[in-house]
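Using this note's numbering, the letters of the sequence shown correspond one by one to residues 185 to 281.
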Amino acid sequence: MTRIGRRLRGWTNGVLDLPQDVLQEMPRITLIGNKELYIENHRGVLHFSSGQLKLALVNGYLEISGEGLVIRNILGQELAVEGLIGEIRYKGSEEKP
Numbered sequence: 185m186t187r188i189g190r191r192l193r194g195w196t197n198g199v200l201d202l203p204q205d206v207l208q209e210m211p212r213i214t215l216i217g218n219k220e221l222y223i224e225n226h227r228g229v230l231h232f233s234s235g236q237l238k239l240a241l242v243n244g245y246l247e248i249s250g251e252g253l254v255i256r257n258i259l260g261q262e263l264a265v266e267g268l269i270g271e272i273r274y275k276g277s278e279e280k281p
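Following this line, the structure appears as structure tokens:
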């Protein structure tokens, strides 16, 4: 990102007090117990099975492991998953898959 872009983002954050997930396109993850998972700001499903879900992010990907995983809905960049969620792992773009 250019120097002007970083300054503009910093200024926008200070003035508008916007959350970081909006400004930097970070994923927002909400876990309810180990049964429901809501993810916002993803870039698409890379892999899905009843035991694993892999989502593309702006900088890397997110892996969700569990049992009986079911995608309840996908609305744009939002996704809801149900099942027995065992592990959530974030891998940045600098890490190897």
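Glycine is no exception: its CB is placed at the ideal position from the N, C-alpha and C atoms. All figures in this text were calculated on a predicted structure; none of them were measured in a lab.
- In the three-state DSSP reduction, residue 227 falls in the coil class, being neither helix nor strand.
- If you look at residue 218, you'll find it isn't in any beta strand (DSSP E); DSSP assigns it neither H nor E.
- By the CB criterion at 7 Å, residue 253 and residue 267 fall inside the cutoff.
- In terms of Cα proximity to residue 210, the closest of 269, 259, 258, 240 is 240.
- Leaving aside the five residues that flank residue 234 on each side, the residues in its chain whose CB is nearer than 8 Å to its CB run, in chain order, 251, 252, 253, 254, 267.
- 7 Å or more divides the Cβ of residue 276 from the Cβ of residue 228.
- Within the same chain, Cβ atoms closer than 7 Å to the Cβ of residue 261 are found at 224, 225, 226, the five residues on either side in sequence being excluded.
- Distance check between residue 220 and each of 232, 248, 242, 187 places 248 closest, using alpha-carbon atoms only.
- Residue 264 and residue 256 do touch by the CB rule: their CB atoms are close to 4 Å apart, below 8 Å.
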